[in-house]
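Working notes, structure below.
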Amino acid sequence: MLRPTWDPFADVITLRDQINRLFDESVSRAPTRERREGMPQRAWAPAVDIFEDQDKILLKADLPGMKQSEIRVELEGDALTIRGERALEEQSQASCLRAERLAGPFVRTFNLTTPVQADKIAAAYREGVLEVTIPKAEETKPRRIEITAG
160 MLRPTWDPFA
170 DVITLRDQIN
180 RLFDESVSRA
190 PTRERREGMP
200 QRAWAPAVDI
210 FEDQDKILLK
220 ADLPGMKQSE
230 IRVELEGDAL
240 TIRGERALEE
250 QSQASCLRAE
260 RLAGPFVRTF
270 NLTTPVQADK
280 IAAAYREGVL
290 EVTIPKAEET
300 KPRRIEITAG
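Numbering (my numbering), first residue to last: 160 to 309.
In C-alpha cells:
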C-alpha cells in the first residue's frame, strides 16, 4: 500500500510564485510618469551620463539615429527633461528576422539639486550624442575668501 507523501516545501514554492506574480503585476501597473503622459509601456529610454564640476553639470545622452529636430530639451523649475521620438525605418521588400532596436517616444527627466543659470543652458547634438551643459548659479560655486590682517 502506497502512502501519499506530503512535501512541505511544495506549498511554500507555490506561495512564493504567487507572491512574485502578484508583485510583478502590481509594479507593471504602477503609474509611471511615462504612462501618465500617454506613452506606451514598451517605451525606450536612452542611456544618460551626468557629470558635475565646480562650474557646471554636463549631461550626455546616447540618441543614435535621431535627427536634431526630433529631440527637445526643457527646463521646468528644477527638472530638466529630454524628450523625443525615434522612428524605426521600415524595409519595404524584406521581412524582419530579428528586431532589437527600440523605437518610439521617450521621456527622461532629471531633478537638478543645485541652483543653475537657466538662461545659459546650452545643448549640442553630435554623432548621436546629445550634450547639455548646465552652468551653476554663482552663489553655489565655491570661492576663496582672503583673510586680511587686522
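Even for Gly, the Cβ is constructed at its ideal location relative to N, Cα and C.
Cβ-Cβ distance between residue i and residue j below 8 Å
| i | j | result |
| --- | --- | --- |
| A234 | A277 | As written in the sequence, residue 234 is Leu, which differs from the Ala given in the question. For L234 and A277, yes; Cβs fall inside 8 Å. |
| P205 | R267 | yes |
| D237 | N270 | yes |
| K226 | K295 | no |
| V207 | K219 | yes |
| R245 | A258 | no |
| L181 | I241 | no |
| T292 | I280 | yes |
Bridge-paired residues (DSSP) for residue i
| i | result |
| --- | --- |
| I241 | V232 and R267 |
| E248 | According to DSSP, which records beta bridges pairwise, E248 is partnered with nothing at all. |
Three-state secondary structure assigned by DSSP to residue i
| i | result |
| --- | --- |
| D176 | helix |
| G224 | coil |
| D183 | helix |
| P199 | In this prediction, P199 scores a pLDDT of 47, lower than 50, which makes its location untrustworthy; no coordinate-derived value is stated. |
| A253 | coil |
| R194 | In this prediction, R194 scores a pLDDT of 47, lower than 50, which makes its location untrustworthy; the coordinate-derived value is nonetheless stated afterwards. Note: R194 maps to helix in three-state DSSP. |
| P205 | coil |
For residue i, the first and last residue of its enclosing beta strand (DSSP E)
| i | result |
| --- | --- |
| L217 | K215 to D221 |
| D212 | From DSSP, D212 is part of no beta strand (DSSP E); its letter is neither H nor E. |
Report task. Counting only runs of 3+ residues fully inside the region 258-309, write out the beta strand (DSSP E) ranges in chain order. Result -> Entirely contained in the region 258-309, the beta strand (DSSP E) runs reaching 3 residues are, in chain order, 263-270, 281-285 and 288-294.
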